[in-house]
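One structure is given below, encoded as structure tokens.
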Amino acid sequence: MNHRHTIELGDSYAVLAQDLKLKLGEQYPIKQFSRDTVLLQQGQKQRFGYLIIDGVLGALHSTADGSQKCKEFYFKDEFALLFANWLADTDAFYQLKVIKAATVIVVPLSLFEQSKWQDIKVKLITQQLIFKEAKEAFLLLNSPEQRYRYLLLQKPHWLAQLSLIEVAMYIGISAISLSRIRKRLNLS
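Those letters in the sequence shown? Residues 169 to 356, per our numbering, in order.
Okay, here's the thing in structure tokens:
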């Protein structure tokens, strides 16, 4: 993978997260959630976003056969919400679930309809567009092994917080395929 042409995945929310924290002040409480807590059920209307102070959230889609597909994992200093469902005012395609015990600020999405929040809303949407373009390139322009190598080199803190099954879901392969890659790389 040629890193000169790779847009950095995630972790670029830190400045925006600080802006959001400052603007929120102490208006909204910090809440703690344990692993496996579902914050938003698939099929429900989304009313809140979650600014992550610590922990990991995931956007997961459960299929009719009981399997799960991963849209995204959200880490410290990221604002977790389903942007397309929020902007189109549609039911959630995914559930938002706590992957690793999390401390978050629960932010009502109705705030972003107020004029004083428009600047932050635009910044959030802009950041999300950049991140989605980066992830699209990551998934389309790299082999599964290149994706995993990128995470090893650039996102070891992600790997430290996710199970191998979750990592496999994120890079779009089966856990068995990831196991084979790890074996080739002498990591198993």
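Ideal Cβ positions, reconstructed from N, Cα and C, are used throughout, including at glycine. Remember, predicted model here, so these are calculated numbers, not experimental data.
With 16 other Cβ atoms within 10 Å as the buried cut-off, status of residue i
i: Ala336; result: buried
i: Ala328; result: exposed
i: Ile333; result: exposed
i: Ile220; result: buried
i: Glu246; result: buried
i: Val272; result: buried
i: Gly234; result: exposed
i: Gln263; result: buried
i: Leu228; result: buried
i: Leu353; result: exposed
i: Pro224; result: The question names Pro, but residue 224 is Val in the sequence shown. It counts as buried.
Chain-order list of residues whose beta-carbon lies under 6 Å from that of residue i (same chain, five-residue window excluded)
i: Lys289; result: Phe280
i: Phe201; result: Val266, Ala270
i: Ile349; result: Glu313, Tyr316
i: Asp204; result: none
i: Phe251; result: Gln296
i: Glu194; result: none
Closest residue to residue i among the options (Cα-Cα distance)
i: Ala248; options: Ile298, Gln286, Phe216; result: Phe216
i: Ser278; options: Phe243, Asp257, Glu304, Val183; result: Asp257
i: Leu346; options: Tyr316, Trp326, His325, Leu321; result: Tyr316
i: Tyr218; options: Lys189, Thr294, Leu330, Lys303; result: Lys189
i: Gly226; options: Gly234, Asp233, Gln210, Leu308; result: Gln210
i: Val206; options: Leu255, Ser230, Asn310; result: Ser230
i: Leu208; options: Leu184, Gln186, Ala260; result: Ala260
i: Gln186; options: Leu297, Lys291, Leu330, Ala305; result: Lys291
i: Trp254; options: Ile293, Ile298, Val183; result: Ile293
i: Tyr181; options: Glu304, Leu355, Lys351, Lys300; result: Lys300
i: Phe241; options: Glu194, Trp326, Ala232; result: Trp326
Straight-line Cα distance separating residue j from residue i
i: Lys199; j: Ala270; result: 8 Å
i: Cys238; j: Leu192; result: 29 Å
i: Ser342; j: Lys213; result: 30 Å
i: Lys284; j: Tyr196; result: 17 Å
i: Leu307; j: Pro276; result: 32 Å
i: Leu309; j: Ile339; result: 12 Å
i: Tyr322; j: Asp287; result: The question names Tyr, but residue 322 is Gln in the sequence shown. Taking the straight line from one Cα to the other gives about 30 Å.
i: Asp243; j: Gln296; result: Note that residue 243 corresponds to Phe in the displayed sequence, not to Asp. Roughly 14 Å separates the two Cα atoms.
i: Gln236; j: Leu330; result: 15 Å
i: Val274; j: Leu320; result: 31 Å
i: Ser311; j: Ala305; result: 11 Å
i: Val183; j: Lys268; result: 23 Å
i: Lys351; j: Ile344; result: 11 Å
Cut-off 7 Å between Cβ atoms - residues of its own chain near residue i, not counting five sequence neighbours on either side
i: Pro324; result: none
i: Ser356; result: Ser347, Arg350
i: Asp222; result: Lys244, Ala270, Thr271
Task: Completely contained beta strand (DSSP E) runs for the stretch 170–247, where each covers 3 or more residues - done: With a minimum length of 3 residues, the continuous beta strand (DSSP E) runs that stay inside the stretch 170–247 are 198–201, 206–208, 216–230, 236–242.
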